[in-house]
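Residue numbers (my numbering): 129 to 479.
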């Protein structure tokens with residue numbers, strides 16, 4: 129077949145080669161783009177594998193009231209979306225008749241009704257529903273609990289039982305518990321999604337909330353107001369147990385530490401741990417960090433950051449900044465290996 133060597137023929141050949149190459153390039157890029165999309169979807173779906181119950185699974189009357197208000201807002205918003213979307217589709221695809229020169233509905237009236245009157249009625253209705261549910265909030269509780277926010281942990285007091293603990297809050301089921309909130313540094317927010325809505329903790333002010341748990345369980349809570357570097361790791365647990373179990377727990381927590389380990393206690397005090405932490409029944413009476421009188425009875429360390437086991441406790445003592453950067457506990461570099469193990473033995477017996 130003769131080859132066209134004229135400038136026009138050569139130009140046509142170059143264009144064909146360019147189109148072929150671009151098609152091959154697009155074909156080569158397509159698998160990589162598809163793989164990137166698939167990887168992104170995999171990450172999204174994998175994020176849902178460790179599911180944590182939240183506000184959509186209410187386990188108390190406070191959370192149930194807020195869930196019902198949410199449903200009213202959701203279905204109202206969905207209805208508005210469907211109606212507005214339907215009207216837009218009608219306006220897009222409906223043809224005006226030849227004899228229809230002007231709109232039958234004046235534009236200013238449409239704006240007044242559709243843009244002002246209808247939203248006002250909807251918002252007033254939702255506000256009324258909110259006030260109705262707020263009026264159902266109890267004004268006091270049968271048990272008082274004081275929670276003090278710190279960067280980045282929770283100090284918990286039971287005034288009636290003379291109990292001080294941290295990051296784990298035990299409450300009896302079927303009981304209205306009145307929480308009072310304070311903070312010693314910045315603004316925090318106390319939130320247990322399955323039991324109730326949020327309550328802000330503002331420096332210089334005391335706020336309150338009544339929480340009721342219908343059934344036993346461990347309910348994860350979280351600081352819901354950005355408070356610094358470790359805000360995401362400022363968690364806690366509300367542990368709801370039967371009234372009998374709660375009474376037994378409170379009685380045990382009120383007792384001072386009873387550990388026959390003079391060396392471990394001496395190491396705790398000598399290496400400045402007692403300057404920040406208290407262990408009732410000993411000379412350690414620090415008020416900066418969490419009370420450690422019954423440390424071994426807690427499930428987590430560092431406000432829900434890591435499990436309370438020997439390995440994590442050892443790492444936390446030596447250098448907690450490698451586990452939770454930005455917390456106020458400095459590294460302890462003066463402990464010899466045998467001293468560290470002796471101190472761990474002592475702390476693990478603080479039941």
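Glycine is no exception: its CB is placed at the ideal position from the N, C-alpha and C atoms.
Any non-hydrogen atom of the ligand PLP within 7 angstroms of residue i CB
| i | result |
| --- | --- |
| residue 208 | Among the components of this structure there are no ligands whatsoever, and the ligand PLP is therefore not found. |
Environment of residue i [buried if 16+ CB atoms lie within 10 Å]
| i | result |
| --- | --- |
| residue 295 | buried |
| residue 406 | buried |
| residue 479 | exposed |
| residue 152 | Reliability of the predicted coordinates at residue 152 is poor, the pLDDT of 49 falling under 50, and no value is obtained from them. |
| residue 457 | buried |
| residue 464 | exposed |
| residue 322 | buried |
| residue 419 | buried |
| residue 385 | buried |
| residue 245 | exposed |
| residue 387 | buried |
| residue 448 | buried |
| residue 421 | buried |
| residue 415 | exposed |
| residue 291 | buried |
| residue 299 | buried |
Option nearest residue i by Cα separation, candidates the options
| i | options | result |
| --- | --- | --- |
| residue 339 | 167, 170, 194 | 194 |
| residue 192 | 221, 222, 240, 264 | 264 |
| residue 451 | 237, 418, 357 | 357 |
| residue 282 | 414, 312, 188 | 312 |
| residue 332 | 325, 353, 309 | 309 |
| residue 362 | 208, 455, 274 | 455 |
| residue 98 | 461, 462, 437 | Look at the range of the chain in this structure, 129 to 479, and you will see that residue 98 is not part of it. |
| residue 201 | 427, 278, 374, 247 | 247 |
| residue 293 | 441, 369, 417, 217 | 417 |
| residue 334 | 415, 277, 187, 199 | 277 |
| residue 423 | 372, 380, 187 | 380 |
| residue 460 | 453, 468, 446, 470 | 446 |
| residue 326 | 182, 440, 475, 206 | 182 |
| residue 347 | 359, 360, 324, 218 | 324 |
Residues near residue i by beta carbon distance below 8 angstroms, same chain, minus five either side
| i | result |
| --- | --- |
| residue 473 | 389, 392 |
| residue 268 | 304, 306, 338 |
| residue 411 | 397, 402 |
| residue 166 | none |
| residue 261 | 193, 194, 196, 197 |
Same chain only: Cβ atoms within 7 angstroms of residue i, ignoring 5 sequence neighbours per side
| i | result |
| --- | --- |
| residue 289 | 378, 382 |
| residue 353 | 315, 316, 317, 328 |
| residue 189 | 340 |
Expected contact under 8 angstroms - CB spacing of residue i and residue j to nearest Å
| i | j | result |
| --- | --- | --- |
| residue 349 | residue 320 | 4 angstroms |
| residue 343 | residue 303 | Contact flag wrong, Cβ pair sits at about 12 angstroms. |
| residue 252 | residue 204 | Residue 252 to residue 204, Cβ: 12 angstroms. No contact. |
| residue 444 | residue 430 | 7 angstroms |
| residue 441 | residue 475 | 6 angstroms |
Neighbourhood of residue i by C-beta distance below 6 angstroms, restricted to the same chain and skipping five residues each side
| i | result |
| --- | --- |
| residue 297 | 284, 366 |
| residue 494 | Given a span of 129 to 479 for the chain in the structure shown, any question on residue 494 remains unanswerable. |
| residue 163 | none |
Runs of alpha helix (DSSP H) lying entirely within the region 415–461, each at least 4 residues, in chain order: Qualifying alpha helix (DSSP H) stretches, in chain order: 438–447.
Length-filtered (3 minimum) beta strand (DSSP E) runs lying within the region 254–302: Entirely contained in the region 254–302, the beta strand (DSSP E) runs reaching 3 residues are, in chain order, 271–278, 281–286, 291–294, 296–300.
Secondary structure, beta strand (DSSP E): runs of 3+ residues fully inside the region 182–208: As far as the region 182–208 is concerned, it has no whole beta strand (DSSP E) run of at least 3 residues.
Runs of beta strand (DSSP E) lying entirely within the region 319–383, each at least 3 residues, in chain order: The region 319–383 contains, as complete beta strand (DSSP E) runs of 3+ residues, the segments 327–329, 335–340, 345–351, 363–369 (chain order).
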